[in-house]
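Listed in order, the protein sequences are those of chains A and B. Reading the first sequence from the start, the letters are residues 386 to 585 in the working numbering. Reading the second sequence from the start, the letters are residues 345 to 621 in the working numbering. Inspection log for the structure reproduced underneath, given as structure tokens.
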Amino acid sequence: MIPATEHRVKGRPAAAELLARGGPREILARIVPDDPLELRARVARRARERALLLDVDRACLRTMALCAARAVRYRGRPRLDLWLRARVEEVLDGLLDEERQGVAPPSPAGEPPAAEAVRAAGGLAARFDLAPDALAAGCARFHRLSFADRDAFLRLVVEAAPLDATARALGTSATELARGARRALCALLGRSTQADEEAR
Amino acid sequence: MSFRGPVRDGRLGREVPRSAHDELSEILRAEIATLLAEAAALRATQAPFGRFVGQPRESEANAFAWRVRARDALELWRDERAGDLHLLASIAALPETEWPGPTTLARAALGLDPTPRRRLALARALLAEGEAAAARAELVRVLDASPTPEIEWRACTLLARAHEQGGNDRLALGAADRAADVPGCGVEALVDSLFFALAVGDLRRAVRAGARLDLLLRPTAADLERALAELRLRVAVFRGGSSWRPAPATAELARALASGAGSSAERVAHAVLGDGA
Chain A
386 MIPATEHRVK GRPAAAELLA RGGPREILAR IVPDDPLELR ARVARRARER
436 ALLLDVDRAC LRTMALCAAR AVRYRGRPRL DLWLRARVEE VLDGLLDEER
486 QGVAPPSPAG EPPAAEAVRA AGGLAARFDL APDALAAGCA RFHRLSFADR
536 DAFLRLVVEA APLDATARAL GTSATELARG ARRALCALLG RSTQADEEAR
Chain B
345 MSFRGPVRDG RLGREVPRSA HDELSEILRA EIATLLAEAA ALRATQAPFG
395 RFVGQPRESE ANAFAWRVRA RDALELWRDE RAGDLHLLAS IAALPETEWP
445 GPTTLARAAL GLDPTPRRRL ALARALLAEG EAAAARAELV RVLDASPTPE
495 IEWRACTLLA RAHEQGGNDR LALGAADRAA DVPGCGVEAL VDSLFFALAV
545 GDLRRAVRAG ARLDLLLRPT AADLERALAE LRLRVAVFRG GSSWRPAPAT
595 AELARALASG AGSSAERVAH AVLGDGA
């Protein structure tokens, strides 16, 4: 039995109760509408912490599905917050693994998935005229870069943070930070960096 | 760009979108594929050449642990209608010796999850059953698909073993060398690249492989013990054991290494030459 110790919102069952009984599809039907476990926010937050460029909507749905599938074996330990965080990590790792293996995401209605961070930045894909296929390949290249380069790109290009203040906050030089963001941008766009050119 | 369904603009609606059910079906499919691939790996250990194809990660679990997980999965997904659940249920009900062959199981896993990892598992199953040519064809497909470094070195190592089964050490050396060049490759790749270089008499590559082995691997590493035991077994079965000798061009190097028996490279030479050094 799962202890219902989690925060209870008026008129809603406690979070742990949502996972407490029934098969995976019944649980899914309880945790998708209105996202009572706040999984979308958890996924978006963790994806940003790891400096990932991915489709948060899809990652959210997969996390919900994974929670529904694993809930049967959940007995209240570890604490629900930690258990959900582990599921989010599992999904993000799985999506990156699929990306590395070149597994195309399912697109039931033939519509390309949206990259949350890209869309949130006001249509970066549109700004750089990236087609869905090119965006997917660009994201795969982006994720092969170091965390520092990816984070620099998200801060400076997507979130439009001021260069000097960000560099000071991170304890690095503005030049280094800008170089990292540029490497990430080049990876996303599939262009060679100046260092690549010089190496040739 | 837009996104379909009730999560449009990042807000979930009251209904469960079909894509959420699709994701759940994906999880089920992946779970069945993993269990079938593990069953294939377990079954491969009983196949004629199963001891010469290395141990894939899937077979790290034993048959008992596999049965527990299969039973859990069947219980969890009992209301689903996926046809492959019936295959899983029928396998779980039988003793391992009566399971379908490793190739059949690996093909079923690949059908559910058509990724390079599953194709690699199919190649391993084929090789375990002595189908070296078919295994090579699958491995070439794996390598053509720009695999991850881990899949690449594993595929190259297996390709070398497939060439070895086919009696072509020179091609085996090429594949083993490629495996050993992949950063983060396993011990067996490093060991095989030295062994095949000694076998074909390529002194330059043997020296390079030996230096690389000593640089990357402690001679006391547990993984080296396992790789050497497997190499000794292959030499015994495929090459006449203690009567095997390296090619003349590398014989002197092999003897010098074997007389040392201290560094990792020396241990490889000693393992295959034994007292014949």
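Note that the Cβ used here is the ideal one computed from N, Cα and C, for glycine as well. Given the structure is predicted, the values throughout are model-derived calculations rather than measurements.
- Expressed to the nearest angstrom, what Euclidean distance is found between the alpha-carbon atoms of leucine 568(B) and proline 460(B)? Cα to Cα, the separation comes out at about 27 Å.
- Specify the secondary structure class of alanine 546(A) as computed by DSSP and reduced to three states. coil
- When DSSP labels each residue in this structure, what does glutamate 424(B) get in the three-state scheme? coil
- So which of Arg468(B), Arg514(B) and Leu379(B) has the shortest CA-CA distance to alanine 499(B)? Arg468(B)
- Below 9 Å between beta carbons: does that hold for glutamate 473(B) and leucine 386(B)? no
- Quick one: using the 10 Å Cβ neighbour count with 16 as the cut-off for buried, is proline 409(A) buried or exposed? buried
- Run the CB neighbour count on threonine 560(A), radius 10 Å, all protein chains shown included, and call it buried at 16 or more, exposed below. exposed
- With 16 other CB atoms within 10 Å as the buried threshold, where does valine 581(B) fall? exposed
- Query: Buried or exposed: where does alanine 573(B) fall if 16 or more other Cβ atoms within 10 Å of its Cβ makes it buried?
  - Reply: Exposed, by the Cβ-count rule.
- Query: Where arginine 505(B) and alanine 533(B) are concerned, what is the direct C-alpha to C-alpha distance, given to the nearest angstrom?
  - Reply: 10 Å
- Query: Since leucine 547(B) contacts alanine 613(B) with CB under 8 Å, what's their CB separation in whole angstroms?
  - Reply: Not quite, the Cβ-Cβ distance comes to about 13 Å (not below 8 Å), so this is no contact.
- CB-CB length for methionine 449(A) against leucine 477(A), believed under 8 Å: Rounded, the Cβ-Cβ distance is 14 Å, inconsistent with contact.
- Message: Give me the chain B residues within the contact set of valine 457(A), using Cβ-Cβ distance strictly less than 7 Å, ordered along the chain.
- Response: Simply Leu420.
- Are the beta-carbon atoms belonging to leucine 503(B) and valine 484(B) less than 9 Å from one another? yes
- Task: Indicate whether at least one CB of chain B lies closer than 9 Å to the CB of leucine 467(A).
- Result: no
- Message: I'd like to know if glutamate 483(A) contacts chain B, where contact means its C-beta is closer than 9 Å to some C-beta of that chain.
- Response: yes
- Message: Three or more C-beta pairs under 8 Å: does that hold for the region 604–611 of chain B against the region 548–560 of chain B?
- Response: yes
- Query: Buried or exposed: where does glycine 511(B) fall if 16 or more other Cβ atoms within 10 Å of its Cβ makes it buried?
  - Reply: Classification for glycine 511(B): exposed.
- Do we get a CB-CB distance below 9 Å when we pair arginine 433(A) with the residues of chain B? no
- Message: Can you look up proline 622(B) in the DSSP assignment and give me helix, strand or coil?
- Response: It is not possible to answer for residue 622(B), since the shown part of chain B is limited to 345 through 621.
- Where does alanine 437(B) sit, in a helix, a strand or coil, going by DSSP? coil
- Task: Please report how far the alpha carbon of alanine 524(B) lies from the alpha carbon of glutamate 496(B), in whole angstroms.
- Result: 10 Å
- Item | Three-state secondary structure (DSSP) of alanine 520(B) | helix
- Message: For valine 417(A), would you say it is in contact with chain B, using Cβ-to-Cβ distances shorter than 9 Å as the test?
- Response: So, interface residue.
- Where does tryptophan 468(A) sit, in a helix, a strand or coil, going by DSSP? helix
- Message: I'd like to know if methionine 345(B) contacts chain A, where contact means its C-beta is closer than 9 Å to some C-beta of that chain.
- Response: Its pLDDT being 30, under 50, methionine 345(B) is placed unreliably in this model, and the coordinates cannot settle the point.
- Task: Return no unless some Cβ of chain B is closer than 9 Å to the Cβ of leucine 446(A).
- Result: yes
- Cβ of leucine 483(B) less than 9 Å from any chain A Cβ? No, leucine 483(B) does not count as interfacial toward chain A.
- Item | Residue environment, aspartate 482(A), which counts as buried when at least 16 other CB atoms sit within 10 Å | exposed
- Item | Pairwise C-alpha distance: leucine 480(A) and alanine 444(A) | 8 Å
- Query: Nearest chain B C-beta to alanine 414(A) closer than 9 Å, yes or no?
  - Reply: yes
- Helix, strand or coil: how does DSSP classify leucine 404(A) here? In the structure shown, leucine 404(A) sits in coil (DSSP, three-state: anything other than H, G, I, E or B).
- Any idea if valine 412(B) is buried or exposed, counting beta-carbon neighbours within 10 angstroms, 16 or more meaning buried? Sixteen is the threshold: since fewer than 16 other Cβ atoms of the shown chains lie within 10 Å of the Cβ of valine 412(B), the residue is exposed.
- Message: Counting only C-beta atoms, is proline 527(B) closer than 9 Å to chain A at any point?
- Response: no
- Whose Cβ in chain B lies nearer than 9 Å to the Cβ of proline 409(A)? Leu368, Ile371, Leu372, Leu420, Trp421, Asp423 and Glu424
- Is the shortest distance between the beta-carbon of arginine 443(A) and the beta-carbons of chain B less than 9 Å? By this cut-off, arginine 443(A) is an interface position.
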